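Numbering (this note's numbering), first residue to last: 100 to 258.
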C-alpha cells in the first residue's frame, strides 16, 4: 500500500475509533506516529467480509480493558470480573470495526464475525499467527498504549 493510501486508512481508523471510544467509553484516543512496543496482554479480533475481506485486531493491556469496561458500564474497576471485562472488550472491537467499515463505505454491506478474545499466552500466540502484511496503527488512551491492526485479504484500498 502506498504511503498516501496508508495515511488515508490511518486517518479513517483514527477518526472512526475515536468516535466510538469518546462517545461510548468517555475516553480520548490519541494517535501516535511511532510504532508503540509494549507488553501486550490482551488481543481481541474480528473478521469481516464485503467489498473487502479482512481481519481487525486490537492489542492492549489488561488495566486498560478494566478501565474502559468500568467507564462503559458505569462501575468501579474493582467490582468487575474477568468475564465481564472480556465481554466488554469484545464489544469494543465490534463497535470500532463496525464504525470503521461504515465510515469506509456507507453504501456497502459488510458481514462481521463474532469477536474473539485472547489473554496472556494466548494473546502472544495470536500475534504470531497474524499474516505478514498487516497495517498497524498506534494510539494511546491516557497513559495506556493501544494498537489497532488491520489485514486485508483483497489487496489495497482504492484511492
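We put the beta carbon where it would ideally sit given N, CA and C, even for glycine. None of these values were measured; they are calculated from a predicted model.
Beta carbon of residue i nearer than 9 Å to that of residue j
{"i": "residue 146", "j": "residue 248", "result": "no"}
{"i": "residue 115", "j": "residue 198", "result": "yes"}
{"i": "residue 240", "j": "residue 142", "result": "no"}
{"i": "residue 194", "j": "residue 119", "result": "yes"}
{"i": "residue 155", "j": "residue 192", "result": "yes"}
Same chain only: Cβ atoms within 6 Å of residue i, ignoring 5 sequence neighbours per side
{"i": "residue 109", "result": "236"}
{"i": "residue 98", "result": "Past the edges of the chain, shown from 100 to 258, lies residue 98, and the structure says nothing about it."}
{"i": "residue 250", "result": "153, 154, 230, 233"}
Assigned secondary structure, residue i (DSSP; H/G/I helix, E/B strand, else coil)
{"i": "residue 237", "result": "strand"}
{"i": "residue 148", "result": "strand"}
{"i": "residue 232", "result": "coil"}
{"i": "residue 248", "result": "strand"}
{"i": "residue 157", "result": "strand"}
{"i": "residue 112", "result": "helix"}
{"i": "residue 226", "result": "helix"}
{"i": "residue 135", "result": "coil"}
{"i": "residue 127", "result": "coil"}
{"i": "residue 117", "result": "helix"}
Chain-order list of residues whose beta-carbon lies under 7 Å from that of residue i (same chain, five-residue window excluded)
{"i": "residue 106", "result": "none"}
{"i": "residue 150", "result": "204, 207"}
The segment 154 to 163 contacting the segment 229 to 247, beta-carbon criterion three pairs below 8 Å
yes
Would you mind listing the beta strand (DSSP E) stretches within the segment 179 to 211 that are 3+ residues and don't spill past its ends, in chain order?
none
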